[in-house]
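Trainee: Be aware that the sequence shown starts at 300, since it is given in the working numbering, and climbs by one per residue.
Quick one: the structure is below, and I'll ask about it shortly.
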Amino acid sequence: MYPLTTIREMFEGNKIIVPKSYRAYSWESSTAQSDSRTQTDEFLSDLTKYTNISTSTPYYFGHFIFNEKPNRTYEVIDGQQRITTIVIFLSALFARLGSIKILTEEEELFESMIKNRSKYIFSTVNHDNQLFREYVIDRIKLNKKRVETESVQRIVRAFDFFTKALAEKDETYLTGMLRTVSEASCTTFCVKSESGAIQVLNFINKPGNR
């Protein structure tokens, strides 16, 4: 990975995983029973506002820290909530786009950032990953009995929230949002150990460096 890159380049050709010891997905999504603003509300609102303005500066998703493993495999040390939400959002977006047009260039983006043939590019924590793949990526009908953990419930709610929000959007809106996310810039730090990641985090969070 390059230190300054795009979201598409961060995913493309790589395997990104959340270590099994890390906490699971924690972002909340709005439901019919709640009107409070959530992390996924803010995520979608910020992307929409950016896409609607005219600017040559790419959207910025912040920094991500990875523990670099062999064979272009990267463990997420910092930024896993954003990465997980990006994948959930993109999968919902591709599903809506595919329902209104024949995918062409968009298929290439899907294969770059979500799944290339049988290869899943992103994996969440082990105990949630199978359902994540089936419901979010492959969009297999959900067996409600399998929604056992709070983190799986959050994953399902996030995907359903984005699916509902995009349900009536037209091709222009969808392709604009896809371009915003895939071309968005981010900063990546790749280290060879978790201790190295801690040093990077401490440096980033040190007063005067933020």
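Glycine included, C-beta positions come from ideal geometry on N, C-alpha and C.
Rounded to a whole number of angstroms, what is the C-alpha to C-alpha distance between Ile454 and Gly378?
Mentor: Whole-angstrom Cα-Cα distance: 16 Å.
Trainee: Per DSSP, what kind of secondary structure is Phe451 in: helix, strand or coil?
Mentor: Here residue 451 turns out to be Val, not Phe, going by the sequence shown. If DSSP states are grouped into helix, strand and coil, Val451 belongs with the helices.
Trainee: Are Arg422 and Ile316 closer than 7 Å when you measure CB to CB?
Mentor: Residue identity differs from the one stated: residue 422 is Ser in this sequence, not Arg. Yes. Within cutoff.
Trainee: For a quick check, are the C-beta atoms of Thr510 and Trp326 less than 7 Å apart?
Mentor: The requested residue 510 does not occur in the structure, where the chain is confined to residues 300 to 509.
Trainee: Which residues in the same chain have their Cβ closer than 7 Å to the Cβ of Phe460, if we skip the five residues on either side of it in sequence?
Mentor: Closer than 7 Å at Cβ, skipping near neighbours: Ser328, Ser329 and Thr339.
Trainee: Label Ser402 either buried or exposed according to how many other C-beta atoms from any shown protein chain fall within 10 Å of its C-beta, with 16 as the threshold for buried.
Mentor: Checking the sequence shown, residue 402 turns out to be Leu, not Ser. Looking at its Cβ environment, which holds fewer than 16 other Cβ atoms inside 10 Å, Leu402 is exposed.
Trainee: What are the start and end residues of the alpha helix (DSSP H) that includes Glu245?
Mentor: No information on residue 245 is available, as it lies outside the stretch 300 to 509 that the chain covers here.
Trainee: Just to confirm, are Phe458 and Ala394 a CB contact at a threshold of 7 Å?
Mentor: Not in contact: Phe458 and Ala394 (Cβ atoms no closer than 7 Å).
Trainee: Under the DSSP definition of a beta bridge, which residues are partnered with Asp377?
Mentor: Answer is Ile364.
Trainee: Looking only at its chain, what residues have a beta carbon closer than 8 Å to the beta carbon of Tyr301, apart from the 5 residues adjacent to it on each side?
Mentor: Cβ neighbours of Tyr301 beyond the five flanking positions: Glu308 and Thr487.
Trainee: Phe431 lies in the beta strand (DSSP E); which residues open and close that run?
Mentor: No beta strand (DSSP E) holds Phe431; DSSP gives it neither H nor E.
Trainee: Could you name the residues that DSSP lists as bridge partners for Thr474?
Mentor: Looking at the DSSP assignment, Thr474 forms no beta bridge with any residue, so it has no partner.
Trainee: Give me the Cα-Cα distance between Val386 and Met412, rounded to the nearest whole angstrom.
Mentor: Their Cα atoms are separated by approximately 8 Å.
Trainee: What separation, rounded to the nearest whole angstrom, lies between the Cα atoms of Glu341 and Arg381?
Mentor: Roughly 12 Å between the two C-alpha positions.
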